[in-house]
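Okay, so here's the structure we're looking at.
Number of protein chains: 4
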Amino acid sequence: MSGSTFGTLFRLTTFGESHGVGVGVVIDGCPAGLPLAPEELQHDLDRRRVGQSHMTSARQEGDRVQILSGIFEGYTTGTPIMLQVLNENARPQDYDAIKELYRPGHADHTWEAKFGRRDYRGGGRASARETIGRVAAGAVARKLLRTVGVEVIGYTLQLMHLRAQVIDEAEIERNPMRCPDPNIAPAMVALVEQARRELDSLGGIVELRARGVPPGWGEPVFDKLDADLAKAMLSIPAVKGFEIGDGFAVANLRGSQNNDPYTEVEERITTSSNHAGGVLGGISTGEELIVRIAAKPPASIARTQQTVSRSGQSAVIAVKGRHDPTVLPRLVPVAEAMMLLVLADHWLRQRAARV
Amino acid sequence: MSGSTFGTLFRLTTFGESHGVGVGVVIDGCPAGLPLAPEELQHDLDRRRVGQSHMTSARQEGDRVQILSGIFEGYTTGTPIMLQVLNENARPQDYDAIKELYRPGHADHTWEAKFGRRDYRGGGRASARETIGRVAAGAVARKLLRTVGVEVIGYTLQLMHLRAQVIDEAEIERNPMRCPDPNIAPAMVALVEQARRELDSLGGIVELRARGVPPGWGEPVFDKLDADLAKAMLSIPAVKGFEIGDGFAVANLRGSQNNDPYTEVEERITTSSNHAGGVLGGISTGEELIVRIAAKPPASIARTQQTVSRSGQSAVIAVKGRHDPTVLPRLVPVAEAMMLLVLADHWLRQRAARV
Amino acid sequence: MSGSTFGTLFRLTTFGESHGVGVGVVIDGCPAGLPLAPEELQHDLDRRRVGQSHMTSARQEGDRVQILSGIFEGYTTGTPIMLQVLNENARPQDYDAIKELYRPGHADHTWEAKFGRRDYRGGGRASARETIGRVAAGAVARKLLRTVGVEVIGYTLQLMHLRAQVIDEAEIERNPMRCPDPNIAPAMVALVEQARRELDSLGGIVELRARGVPPGWGEPVFDKLDADLAKAMLSIPAVKGFEIGDGFAVANLRGSQNNDPYTEVEERITTSSNHAGGVLGGISTGEELIVRIAAKPPASIARTQQTVSRSGQSAVIAVKGRHDPTVLPRLVPVAEAMMLLVLADHWLRQRAARV
Amino acid sequence: MSGSTFGTLFRLTTFGESHGVGVGVVIDGCPAGLPLAPEELQHDLDRRRVGQSHMTSARQEGDRVQILSGIFEGYTTGTPIMLQVLNENARPQDYDAIKELYRPGHADHTWEAKFGRRDYRGGGRASARETIGRVAAGAVARKLLRTVGVEVIGYTLQLMHLRAQVIDEAEIERNPMRCPDPNIAPAMVALVEQARRELDSLGGIVELRARGVPPGWGEPVFDKLDADLAKAMLSIPAVKGFEIGDGFAVANLRGSQNNDPYTEVEERITTSSNHAGGVLGGISTGEELIVRIAAKPPASIARTQQTVSRSGQSAVIAVKGRHDPTVLPRLVPVAEAMMLLVLADHWLRQRAARV
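Protein chains in written order, with the numbering used here: chain A, 2 to 356; chain B, 2 to 356; chain C, 2 to 356; chain D, 2 to 356.
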């Protein structure tokens, strides 16, 4: 199968290119009977949208979601939910200058190697705009998971050397970096502004948490909950690393440090620490799910770089246009969406686990 | 679908519990016409096998692979290849003492939460023994990929604070840690021995490299090559983190540092650095694939730990039996297998990419 | 997974309800590099469209297909192809009268039993209008298969007691019944007119043929070519039976009659008869594929019928509105589409069969 | 994906060749907590087994099923259930004479066209012996479905011109033809004996019924219950046609005859007839499921037939060995198994249909 479908029971297929007619998603497998209003979908799309601040690129679009099917009289019907956003503000001519050059760090060369051709307008399908379908579907998953008390949040944990020291969730949506530490957020903003002036871009880390996931979700041995989360996160543009719980830090831990002792609190079996990050053996433990992902600095920088043309000629390139010096604030809702999609799918799959 | 199947076109389904009758795998989708001898499969299984040294646990088994189907007159026929290993040396009585207790860091509690019951003998299916089927299938994938010049190697990069400084591939199979640095390997061995005496276990990092992968493999936007690798790696017991190329280090890089400039060498388009680790936009670049995974210290330690019983009573537990203080040397062939399986699948998928 | 996705490598997901905003399809896995123009898709949609004659229902819509993604500069790019048709002429108020009654022979009751609710407007997703996405995707498959010389045709073989005696393919599109026998077609037309006057509907049989399929397509043991064709056909509304080659007539044949003897003609191995209908062991033989499907008389009849209401009260119902006395002429392009989709998928799958 | 896996949530993968080491199946997705004993699996395998009477071929094998995994302390654990039967009585030398010739009506030529080679011993994987894995998995599905009151039965409805006039279920297992009509069964037996003497074989029809299926199972628009049943049935060797309810007879019916009027009996909505055969819109109605399949006369006949060799030389062939003049009695348990597998899968899928 080709690769634009994700999930087993809660299943989405995205479509669309950056500067084509539109982008969107078909969700097949959303249970019937979920109340769902357009504005509930729009909220997460607005969080993902560009042009919110100096932090993110200047393209102005409403990104108004249209619902074409699957909802009737305010409820999901069990049939495919089709959500689309038309590309109102496409400026494909911006890209004519670079259609013969491979941008370093971009997928121009690899897509062409794969398919023998590419839609060079704004990266075509290898554009962050592709994530609109994910976020729209994630908003449906969010609504669905709330019916069983599951919530997902994400935030910018780190931008270059700046790392949040406290996690104040109320702070996240108050600053353009979506940083949960009010003392660090201004420095992050300043660093982004500086990078923009220097025609450069910055890497960082996003952290995600899911609460309310009961023990028992995840399908070993291959479709483990953490394995599906890892795939979900690495499928997002710019993500280069994934870890759960203590993650790479376990490389320096002993078993006596890393094992989470069991205890019982109010008749619920729990652990007194959570090094595991909410998963053991690929199945949720009932503790908080904690995931971190590393995002590379955006490849589009206005600074001159060395490259070659499609015919192999040496060339220099400076990527003009509307580009973010960091993906982090916009990555947050996209990564949340992917986590929500994995959880919604595994919730439904768990329904088949027992006689 | 339940979770014991992996891959789209080169597709395996594993089965078996640690102390049941046997473990194995059915591979469906291996192309016809591949020459394949039993000893070629046995080689990787022997690398995975326990009892090779003081580094790994003391269980003695031949792990002789049996081929039940799919090979005729020395060649694959295109039909399912069934490979199994009988459990010759099972000692389920070892586990009677702990069948009512949840071992910290193990999947006892989560499997029970999922299915309402568990096979408590040696962890049942949540045992490292489950990986035999992966390694057997990986050996088939290795043979298949060699027909197009792709090779995969893995090694122990790091054990606790000890990190290989040089990568001498000839050294890997010469020391029990599968460490490529002959100067570091002895210290790693000593650290493992010390942990064993201290009834404790150790974490670490394995690095994997794939060479010869041509540009063009990977299926955006969800089945990206790195996304499928991430899932494959996180599906392995004990793995808590995945990164590709510079991985988490990109969080501290600027775009001008992280982008790999294109150049042309001998009429082949290449990059003068490989921060990306061989993937851009989820598609192979033609450069070396470089992946690292973090492995937690094994949960089975003989030291006393706090836990609860199935009925919620507070208890202490010390996990006796044949257990490794580190999974690293045995993780290497398992992780290689998972990388090989992903690559074999994407090679076949790429055949459908163009008219 | 939910059930609106079809195919393994050439893979479509349809969406949309009869009287919602629109209907359509996302095709994922169409190889890159196929030249494709909108009018090539429109042709088959026009063949499926209502209102072409007295034979079919009176709803007037352009059914103009819009391409939202996946095609660039006249060629497929390898990314998802999204095709949609907006519902321009929906009259949901037509259905208010029957929203509380279950129409006999329709899916009103079963959809409600499944999902707890239903979109009662024109049958919602259980409407023939859902097949627009199939036909649009089938048109892409038709273009793709032509690159390897495969052609598919269909026609009305039988309407009630009237059965075509000769198969003159040039005749098919010349009469409103798509009957290949010019001597029988007028009687079929008359029978349909009579049924309309009598407020009743008629059953029949469609036959399909595929030419140019090389030997070797089909994936035993479950995804046999004939098994996938059977599923494809039974997934079409109103189809109640499927047969290939001699089909149910084999029940009365002996092996000495039914076996097709092999012979060699012009260095090609062929058979001197084709009782098998082009498939042996689930794999194409290289001979013509011949399939027949039985279509029930449309359930919507204006005659009074006995039924019950949603609350279980006895009631009578007469289904008013724009309804065909026969589905046959419109079933032809839909069934062709499903056959084309199966063949396109198996062509791509066959590329992975050998080293 | 290759074609030896069937089902979405209740999912089986079969393996094995007729004269290899063994045949079997891995079932992934059977819910945990189902009590299951080996003899419950053996019962259906014995019904499928050869050598029961003069009706079926003379190969003598115990076909003893071995359970390798997935069952612990008498209950399914939720992990893959691996079931295998070793080939104890293989006589591959029987087939040396024909390894260079294509047997008419067999898959020798098509498998070779597909894979470039074939295991010619007894048809390799294209042997009825492959169905052992289906029947073993079907026995698990039968046990599972009984927990919700679903039962499936099958019988020989027709052999050539002989058709059962009454359906006395108690009679089915009393005669070697599995014919439910005690008056017709002896004539069927005599006809088979005559065909054996004449070195010929006979076609026929099997009918299947499922009771207790509640309304609501089936996943439109592609994975309709009847569509999945059609695929399941056509995947069985020798099956050339499928119909549900009135099937091909609907071609001669009017809507006023074919529609099943709704009525209410004891507070349950039902229909006063069942032309639909228990499915409307691809979803179960709650009425009995009624399916018929057409089986061709076995291709292996000892009579001389015209064929060609692998190199294209004209030749004659007479297929010697242990062959049935009819598949019907052994087809019954295989077809029941496939129906059970479809129903078990759709039961689990239905659990995800509503919030």
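All residues carry an ideal CB built from backbone N, CA and C; glycine is no exception.
| query | result |
| --- | --- |
| Whole alpha helix (DSSP H) runs in the segment 77-122 of chain C with 4 or more residues, listed along the chain? | 109-116 |
| Who are the near neighbours of glutamate 18 of chain A in its chain, counting only those whose CB is closer than 6 Å to its CB and skipping five residues on each side? | Asp120, Gly125 and Arg126 |
| Cα-Cα, which of C/Leu145, C/Pro183 and C/Ser3 is closest to tyrosine 441 of chain C? | Any question about residue 441 of chain C goes unanswered here, given that chain C covers just 2 to 356. |
| Note down, in chain order, each residue of its chain lying with its Cβ closer than 6 Å to the Cβ of valine 167 of chain B, except the 5 sequence neighbours on either side. | Asp182 |
| Report the neighbours of glutamate 268 of chain B on chain D: residues whose CB is nearer than 8 Å to its CB, in chain order. | The contacting residues do not exist; glutamate 268 of chain B stays about 34 Å from chain D at best. |
| Can you name, in chain order, every residue of its own chain whose Cβ lies under 6 Å from the Cβ of asparagine 176 of chain B, other than the five neighbours on each side? | Ala186 |
| Would DSSP call alanine 33 of chain D helix, strand or coil? | strand |
| Rounded to the nearest angstrom, how far is the Cβ of threonine 6 of chain A from that of aspartate 229 of chain C, given a contact under 8 Å? | With 8 Å as the limit, threonine 6 of chain A and aspartate 229 of chain C do not qualify as a contact, their Cβ atoms being about 19 Å apart. |
| In this structure, does DSSP put aspartate 224 of chain A in helix, strand or coil? | strand |
| DSSP puts glutamate 152 of chain A in a beta bridge; with which residues? | A/Arg212 |
| So what's glycine 25 of chain B in DSSP terms, helix, strand or just coil? | strand |
| On a Cα-Cα basis, can you pick out the residue from B/Pro334, B/Val328 and B/Trp348 that is closest to valine 193 of chain B? | B/Val328 |
| Pull out every residue of the segment 25-52 of chain D whose Cβ sits closer than 8 Å to any Cβ of chain A, in chain order. | Gly30, Pro32, Ala33, Gly34 and Leu35 |
| For leucine 13 of chain C, which residues in the same chain have their Cβ closer than 6 Å to its Cβ, ignoring the five residues on either side in sequence? | Phe7, Val26, Ile28 and Ala138 |
| Taking threonine 264 of chain D as the reference, give the member of D/Val317, D/Thr286, D/Phe243 and D/Gly246 with the closest Cα. | D/Thr286 |
| Can you check whether the C-beta of serine 5 of chain A is within less than 8 Å of a C-beta belonging to chain C? | yes |
| For the candidate residues A/Gly322, A/Leu42 and A/Pro262, whose alpha-carbon lies nearest to that of isoleucine 82 of chain A? | A/Leu42 |
| If alanine 233 of chain D and methionine 339 of chain D are in contact, beta carbons under 8 Å, what's the gap, nearest whole angstrom? | 4 Å |
| Closer than 8 Å, CB to CB, is phenylalanine 73 of chain C near chain A or not? | yes |
| According to DSSP, is glutamine 166 of chain D part of a helix, a strand, or is it coil? | coil |
| Would you list the residues sitting across from valine 309 of chain D in a DSSP beta bridge? | D/Ser315 |
| Is there a C-beta anywhere in chain A that falls below 8 Å from the one on aspartate 264 of chain D? | Going by the sequence as given, residue 264 of chain D is threonine instead of aspartate. So, not an interface residue. |
| Could you check the C-alpha separation between proline 262 of chain A and alanine 171 of chain D for me, to the nearest Å? | 60 Å |
| So the candidates are A/His324, A/Arg350, A/Leu46 and A/Thr271; which of them puts its Cα closest to the Cα of serine 128 of chain A? | A/His324 |
| Roughly how many angstroms lie between the CA atoms of leucine 200 of chain C and proline 216 of chain D, to the nearest whole one? | 29 Å |
| What separation, rounded to the nearest whole angstrom, lies between the Cα atoms of alanine 250 of chain C and isoleucine 154 of chain B? | 58 Å |
| For chain A, find out if any of its Cβ atoms is closer than 8 Å to the Cβ of glycine 282 of chain B; answer yes or no. | yes |
| Could you tell me whether the Cβ of proline 238 of chain B comes closer than 8 Å to any Cβ of chain D? | no |
| Taking its Cβ as the centre, do 16 or more other Cβ atoms sit within 10 Å of glycine 52 of chain A, making it buried, or is it exposed? | Here the model assigns glycine 52 of chain A a pLDDT of 47, short of 50, so the residue's position is not dependable, and the following value carries that caveat. The residue in question, glycine 52 of chain A, is exposed, as its Cβ has fewer than 16 Cβ neighbours within 10 Å. |
| Determine, using beta-carbon pairs with one atom in the segment 208-226 of chain D and one in the segment 342-352 of chain D, whether at least three such pairs fall under 8 Å. | yes |
| By the criterion of Cβ-Cβ separation under 9 Å, what are the contact partners of threonine 148 of chain C in chain B? | Val356 |
| Taking Cβ positions, are serine 301 of chain B and arginine 255 of chain A nearer each other than 8 Å? | no |
| Just to confirm, is the Cβ distance from alanine 252 of chain D to isoleucine 206 of chain C under 8 Å? | yes |
| Looking at chain D, is there any beta carbon in it that lies within less than 8 Å of the beta carbon of glutamate 89 of chain B? | no |
| Find out if the Cβ-Cβ distance for the pair leucine 163 of chain D, methionine 189 of chain D is shorter than 8 Å. | yes |
| Using a 10 Å radius around the Cβ and a threshold of 16 neighbouring Cβ atoms, would you call glutamine 314 of chain C buried or exposed? | exposed |
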